[in-house]
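Take a look at the structure below.
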Amino acid sequence: MSPAVVPNSKLPIKDTRSGQSQGIVSKNVEPVSSARIISFEHEYGAHNYHPLPVVFESAKGAKAVNQGHCHPRIVATLVSQAQKLTLSSRAFYNSTFGVYAKYITELFGYESVLPMNTGAEAVETAVKLARKWAMSTDPESRTGFGPYLQNVGPTYTYGEEQRTIRYNHIEDLEEALSIHGKNTAAFLVEPIQGEAGIVVPDDGYLARVHSLCKKHNVLLICDEIQTGLCRTGKMLACEYDNVRPDIVLLGKALSGGVYPVSAVLADKHIMHVIQPGEHGSTYGGNPLGCAVSITALQVLQDENLAARAVRLGEHFRTKIRALNHPLVATVRGKGLLNAVVIDESKSMSGRTAWQFCLLLKSRGVLAKPTHVNIIRFAPPLVISEEDLDRAIHIIGQCLNDLDKIEDIPGDVLSEKGHRDTITN
Ligand SMILES: Cc1ncc(COP(=O)(O)O)c(C=O)c1O
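Okay, so the sequence shown: first residue is 4 according to this note's numbering, each after it adds one.
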């Protein structure tokens, strides 16, 4: 679950495993308690997440929702477009996709957009696009190219040895490309690593990546699905290094959280290697998604959310650092994409970052470790300064109380000492 600041006075949360809550009530459905909802998910859903024991019925923010949850302008567009046309096959034209394509390409300064639905699909599309581009620009590499998914990943061979291209180690990419540049289609990178724990590279890393890619005629693909759309204080995080990637991937906030919309942006000499029939998507470019996305992008600009992210992000990092708390190993991030790294070894009672998040939750701040002890704080960019200050205050109190408090609400016996090793 992504972090959201939830003031206690208007908690949109049903309580958790206690079974005490009134449960969710909607017109035609029997009320179901939060405890049962959690048990249903556990029983009948794949265990691909380890959520905090909190059930959302309505919400005011989540990380995918830079514009704030259920932004009225975006919801209004969703409703009005849903009453006209939601899906038309791309075998025909719809009245929204062309307008959207013009809008988004002009906004980001690319010649072409390939619309998809989820971030994962945008990444897959970019990999396919890059491989096709590489094959079509170098006839020699047509032979022995593939099978697909082989040779995709951050490793390369050095003689007999398999080596990894480490993030923020430009020398690794330099070596990999000096050996394999001729047969490399693209380098795909996040300007700041999100799920890996908000890893901010050194200033200039991306610029150096860019020039290495240029030197070896390798496409630079920036995955801005998490970092883009004002989250880090710029429309695209790669702007910090003055880099214009060959391919940009967008998702998450591209629809303001109301509908799955993702996009691949590139210039025509790259994009047009994909021919009709080679990469379809039933929902990609559908009228509902396109209409919603235009409004979501307008809201980002009209509400100056990039500048807001810069200002509030600096405020957050400064305040948390000023707590000077021994449990805080480090605070890092850009804009409103931040991580507080917990030094679990400093907890006298052996408490973990997971338990810290449970304590935060019990006091109205929702955040979850992205990587064992790294807690990501990525509130909606529309968060008020008062709410942010309230969250900072609660974070400070919870740091002070983590070792003192006897029982942490929600810290069920079966999960005592749980360490969250998975991301998301
Ligand atoms: C950087 C990045 N790329 C891709 C994805 C996948 O996006 P989706 O969950 O919409 O498929 C995510 C999701 O968290 C992400 O953070």
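Quick reminder that beta carbons are idealized off the backbone N, C-alpha and C, glycines included.
Residues bridged to residue i [DSSP beta-bridge criterion]
| i | result |
| --- | --- |
| S265 | M119 |
| I345 | V331 |
| Q196 | V202 |
| R76 | DSSP, once it has assigned bridges, lists no residue as partnering R76. |
| T99 | T99 pairs with nothing; no bridge assigned. |
| K337 | L340 |
| I224 | L191 and I250 |
| K371 | R379 |
| V321 | Checking the sequence, you will find Thr at residue 321 rather than Val. DSSP, once it has assigned bridges, lists no residue as partnering T321. |
| Y113 | According to DSSP, which records beta bridges pairwise, Y113 is partnered with nothing at all. |
| E164 | Y161 |
Within 8 Å, strictly: CB atoms of residue i and residue j
| i | j | result |
| --- | --- | --- |
| I201 | I345 | no |
| G283 | Y262 | no |
| V267 | V82 | no |
| I228 | I250 | no |
| L110 | L300 | yes |
| G287 | M138 | no |
| E44 | S265 | no |
| L402 | V295 | no |
| G236 | G156 | no |
| R354 | D406 | yes |
| T230 | L340 | yes |
| P279 | S91 | no |
| Q196 | Y159 | no |
| H374 | A199 | yes |
| V192 | D226 | yes |
| A310 | R234 | no |
| L432 | A256 | This structure leaves residue 432 out entirely; the chain is present only between 4 and 427. |
| G260 | H72 | yes |
| G122 | G254 | yes |
| L252 | A129 | yes |
| I398 | L361 | no |
| V2 | P383 | One cannot answer for residue 2 here, as it falls past the ends of the chain, which runs 4 to 427. |
| V203 | R320 | no |
| I297 | Y106 | yes |
| L132 | I40 | no |
| Q70 | L391 | no |
| V126 | L176 | no |
| P329 | S365 | no |
| S37 | V58 | yes |
| D414 | Q358 | yes |
| E306 | V385 | yes |
Residue i: CB within 7 Å of a non-hydrogen atom of ligand 1
| i | result |
| --- | --- |
| G287 | no |
| K255 | yes |
| I228 | yes |
| G122 | yes |
| G197 | yes |
| E127 | no |
| E44 | no |
| E193 | yes |
Legend entry - Three-pair Cβ contact test at 8 Å for the segment 170–189 versus the segment 212–225: yes
Legend entry - the segment 309–327 / the segment 344–359 touching (three or more Cβ pairs under 8 Å): no
Legend entry - Entirely enclosed alpha helix (DSSP H) segments - the segment 247–305, minimum 4 residues: 271–274 and 290–305
Inset, instruction - Flag this pair as touching only if the segment 310–318 and the segment 207–217 have three or more C-beta atom pairs under 8 Å; answer yes or no. - result: no
Legend entry - Runs of alpha helix (DSSP H) lying entirely within the segment 375–419, each at least 4 residues, in chain order: 388–404
Legend entry - Whole alpha helix (DSSP H) elements within the segment 33–60, 4-residue minimum: 37–47
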